[in-house]
Each structure stands twice: as structure tokens, then as C-alpha cells.
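Residue 65 in the working numbering sits at position 65 of the sequence shown; the count goes up by one each step and never skips. A virtual CB, placed ideally from N, CA and C, is assigned to each residue, including glycine. Step one of this worksheet: look at the structure below.
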Amino acid sequence: MEKIKTAYEKAMERFQQKEVSPAELDRLEYLPKGKALAAAFLNEKNLDLAAELAKYPAQFRPYVLEGARETFLQNILLPSDETIGRNNKRALEGIFLLKQDKHALGEISSQMEHLFEYYRQALAQAATNYKESFTARMGAAQKALEKRAGRKVKINPEKHPGYREGWLKMVGRLNAQYESALNEQKQKLREVK
């Protein structure tokens with residue numbers, strides 16, 4: 001059975017066949033290290049990112065930084081709950097440590113925070129509106145059930161099988177609207193020096 005090869009192993013084979021430059025090999029080796037470092041920073045509150053970066057030789061540090069930056073950007077998501085909101089803050093902290101133009105970062109970060117606040121408000125409003133409209137649609141079913149049972153029946157719309165499916169579709173549409181704005185902000189973060 002053939003062993004599954006990593007991208008680095010495949011690149012080494014191409015390098016030996018003179019298809020990959022030494023710089024690309026270095027990038028393939030150190031980019032994942034930067035990603036792992038960023039992941040550790042996101043999970044460990046006391047990790048000194050600057051000290052960890054300093055452990056890498058200067059000629060490879062740009063690749064480590066590139067991997068870390070991309071991991072931080074990938075971890076900035078629309079804040080559908082408090083945990084994601086905290087992760088976003090931590091990812092932005094990591095980006096602030098890696099970039100030099102703090103003023104530009106501050107402006108973009110502020111714009112992102114406004115975007116996140118608008119998203120949270122839109123999500124809360126959508127939840128309220130959806131529950132009300134679903135409850136209204138369930139009213140007829142509730143009356144029919146009460147008539148059959150001969151007593152008052154309370155139906156929780158959130159427990160209905162169609163509720164979750166419809167809600168997920170609504171959240172998907174809302175996310176699509178906000179994702180493009182978030183991606184624009186992430187691109188601005190990429191371009192900051």
C-alpha cells in the first residue's frame with residue numbers, strides 16, 4: 001500500500017527533479033509552522049507570539065508570518081455566538097502583533113466591529129421575526145390539534161421539525177449578505193503592512 005505523502009514530501013521529490021525552487025521548499029516547510037503557531041496563540045492566552053516567532057531563523061520568518069496571518073484571518077468569522085466573538089478578538093490581537101501599521105489596523109478593526117454589531121442586531125431581529133412568523137403559521141395547526149384533543153394545547157414552534165430547517169436557510173441568506181463585507185475587511189487586513 002502506497003504511503004500518503006505530505007505537500008512537503010511531494011515538493012522535495014519535485015525539487016530533486018529540479019521542479020521546485022529552494023525558496024518554495026522553505027515556504028512549504030515553514031508556512032505550516034506559522035499556521036500551528038497562530039493556532040497555539042488562539043488557544044493559549046499566555047503565549048508570547050513575538051518570542052515564539054523570534055525562535056525561527058530570520059530568512060524563514062516571512063513564511064512563518066504568512067502562515068500565521070492566514071490562520072488568524074481564517075479564524076475571523078461572523079459572530080453568531082459569544083465564543084466566535086471572543087475568537088475574533090483574539091485573532092485580531094494576533095494580527096496586530098504581526099503587522100506594523102497599527103493606525104490602519106485600528107481603523108479596519110473598528111469597521112469590523114461595526115460590521116459585527118450590525119450582524120448581531122440583524123441576527124437577533126431575524127430570529128424574532130422568524131419565530132413570530134412561524135408561530136403564526138403554526139396557529140392553524142394548534143387550533144386543529146386543540147379541537148381534536150378537546151383542550152388547550154401549547155405548541156413550541158422551536159421544537160417543530162420545519163423550524164430548524166427554515167431558520168438555517170434564513171441564517172444562510174443573512175450570512176451571505178454579511179460574508180462579502182467581512183471578506184472585504186479581511187482583504188484590507190491582508191494589505192496592511
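Roughly how many whole angstroms lie between the Cα atoms of residue i and residue j?
i, j, result
"A149", "Q185", "55 Å"
"E165", "T135", "15 Å"
"T83", "E113", "15 Å"
"Q187", "A141", "49 Å"
"V171", "P22", "46 Å"
"Q196", "K45", "Outside the displayed span of the chain (1 to 193) sits residue 196, for which this structure offers no information."
"G94", "L49", "8 Å"
"M1", "A7", "Bear in mind that the predicted position of M1 carries a pLDDT of just 48, short of 50, making it unreliable; the figure below should be weighed with that in mind. When rounded, the distance between both Cα atoms is 19 Å."
"L73", "K154", "45 Å"
"L211", "F116", "Since the first residue shown for the chain is 1 and the last is 193, residue 211 is missing from the structure and cannot be characterised."
"R173", "S180", "12 Å"
"Q57", "K33", "The question names Gln, but residue 57 is Pro in the sequence shown. Near 12 Å, if we compare the C-alpha coordinates of K33 and P57."
"L97", "A91", "10 Å"
"A176", "N183", "11 Å"
"N87", "L42", "7 Å"
"P195", "K55", "Absent from the model: residue 195. The displayed extent of the chain is 1 to 193, so no value can be given."
"V192", "L47", "24 Å"
"L28", "S109", "30 Å"
"D26", "A39", "20 Å"
"A51", "K35", "16 Å"
"D81", "R190", "25 Å"
"V64", "E70", "10 Å"
"A144", "R151", "11 Å"
What distance in whole Å lies between the Cβ atoms of residue j and residue i, which are believed to be in contact at a cut-off of 8 Å?
i, j, result
"L31", "E66", "6 Å"
"M138", "P157", "5 Å"
"Y178", "Y130", "Y178 to Y130, Cβ: 17 Å. No contact."
Query raised in the report: At a cut of 8 Å, does the segment 120-127 reach the segment 91-106 through at least three beta carbon pairs?
Result: no
Query raised in the report: Mind pulling the alpha helix (DSSP H) runs of 4 or more residues that sit fully within the segment 51-92?
Result: 61-74
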